[in-house]
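Just add 553 to the spot in the sequence shown (first one is 1) and you have my numbering.
Here the structure comes first, spelled out in structure tokens, and everything after it is commentary.
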Amino acid sequence: MCGRFARKSTQQVLADWFGVELEDMPWFAPSYNVAPQSVQPVVRLSRGSVGREIALMRWGLLPFWAKDAKFGYSTINARAEEVAEKPAYREAFKKRRCLAPADAFYEWQRIDSKTKHPFAIALKTRNPYAFAGLWEHWQPKDGAALETFTILTTDPNAIMEPIHNRMPVILEPHDYSRWLDLGDPARPPVDLLRPFPAEEMVAWPVGDRVGNVRNNDVQLLEALSPTLDEQSQMG
């Protein structure tokens, strides 16, 4: 599962990283505690062109046939092994793929039935990265249309295994174009839905403040102790 992440990179950094025009981007601020149902920047193919654009979408996918916006509470993540067949995701998987920019994600390691410890997980380079996502356009009976997205998850890599049994699908930069390319809806890039290389990632424990969505500051990413990678080297 991926239920919380951080996006600290500036708009200029993200424009350069994802190959979009800064002047065409909607305004958004960094967020250190992105939560479900919040509105976040998502990269997709520009409509009517071959380029990319950033659109603001709500986290929690609403397929066009959803009767209520509450449907999106249960669709913040889509399991990679189900996405091609599950009704909520299969059309978007063929026709509406996107990238969700992030710099780190949070996950809670369960110690016992009453105790969980949060971790932050990022790239060793500290570069931004992209979750594989899907997006949809939903029109309620009354009110404005909504664009929403979900983040795909897969099996954990060696960094994530001690923390959680799932992790978000993180794409390599050289795979961004292939993930976004909708040229052959009958053959979506299923092979990209795999764990990111553990040797390129790092995880470290963070404070419990991240559990409260009202907390949104850079201190949430501060390490309480050495990273898991550093601990293994010391051991």
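Yeah, the Cβ is synthetic: ideal placement off N, Cα and C, and Gly gets one too.
Keep in mind it's a predicted model, so treat the numbers as computed, not measured.
Pull up the distance between the alpha-carbon of residue i and that of residue j, whole angstroms please.
i: residue 745; j: residue 620; result: 31 Å
i: residue 647; j: residue 740; result: 8 Å
i: residue 568; j: residue 642; result: 28 Å
i: residue 702; j: residue 574; result: 22 Å
i: residue 776; j: residue 758; result: 6 Å
i: residue 768; j: residue 672; result: 16 Å
i: residue 765; j: residue 600; result: 37 Å
i: residue 638; j: residue 662; result: 30 Å
i: residue 788; j: residue 709; result: Low per-residue confidence applies at residue 788: pLDDT is 49, beneath 50, and the placement is therefore not dependable, though the value from the model is reported in the following sentence. Their Cα atoms are separated by approximately 22 Å.
i: residue 632; j: residue 706; result: 5 Å
i: residue 725; j: residue 747; result: 11 Å
i: residue 730; j: residue 738; result: 15 Å
i: residue 735; j: residue 644; result: 12 Å
i: residue 577; j: residue 668; result: 45 Å
i: residue 607; j: residue 760; result: 31 Å
i: residue 700; j: residue 611; result: 6 Å
i: residue 773; j: residue 624; result: 29 Å
i: residue 562; j: residue 655; result: 8 Å
i: residue 640; j: residue 634; result: 13 Å
i: residue 743; j: residue 626; result: 25 Å
i: residue 636; j: residue 556; result: 18 Å
i: residue 753; j: residue 565; result: 24 Å
i: residue 581; j: residue 594; result: 7 Å
i: residue 778; j: residue 711; result: 19 Å
i: residue 728; j: residue 670; result: 33 Å
Under the assumption that residue i contacts residue j (Cβ atoms under 8 Å), give the Cβ distance between them as a whole number of angstroms.
i: residue 583; j: residue 560; result: 6 Å
i: residue 622; j: residue 615; result: 6 Å
i: residue 659; j: residue 771; result: That belief does not hold up - the Cβ atoms of residue 659 and residue 771 are roughly 14 Å apart, past 8 Å.
So, using beta-carbon positions, are residue i and residue j closer together than 8 Å?
i: residue 704; j: residue 586; result: no
i: residue 716; j: residue 756; result: yes
i: residue 683; j: residue 558; result: no
i: residue 579; j: residue 598; result: no
i: residue 571; j: residue 596; result: yes
i: residue 713; j: residue 664; result: no
i: residue 617; j: residue 691; result: yes
Original post:
How about the segment 672 to 682 and the segment 586 to 596: do they share at least three Cβ pairs that are nearer than 8 Å?
Top reply: no
Subject >> Contact the segment 707 to 726 vs the segment 689 to 697: 3+ CB pairs below 8 Å >> reply: no
**OP:** Report yes or no: do the segment 648 to 658 and the segment 684 to 692 share at least 3 C-beta pairs separated by less than 8 Å?
**Re:** yes
Original post:
Residue ranges of each alpha helix (DSSP H) run of no fewer than 4 residues wholly in the segment 688 to 772, ordered along the chain?
Top reply: 729 to 733
Original post:
Of all the alpha helix (DSSP H) runs that stay within the bounds of the segment 555 to 581, which reach a length of 4 or more residues?
Top reply: 564 to 571
Subject >> Contiguous alpha helix (DSSP H) assignments of at least 4 residues, all confined to the segment 598 to 655 >> reply: 643 to 648
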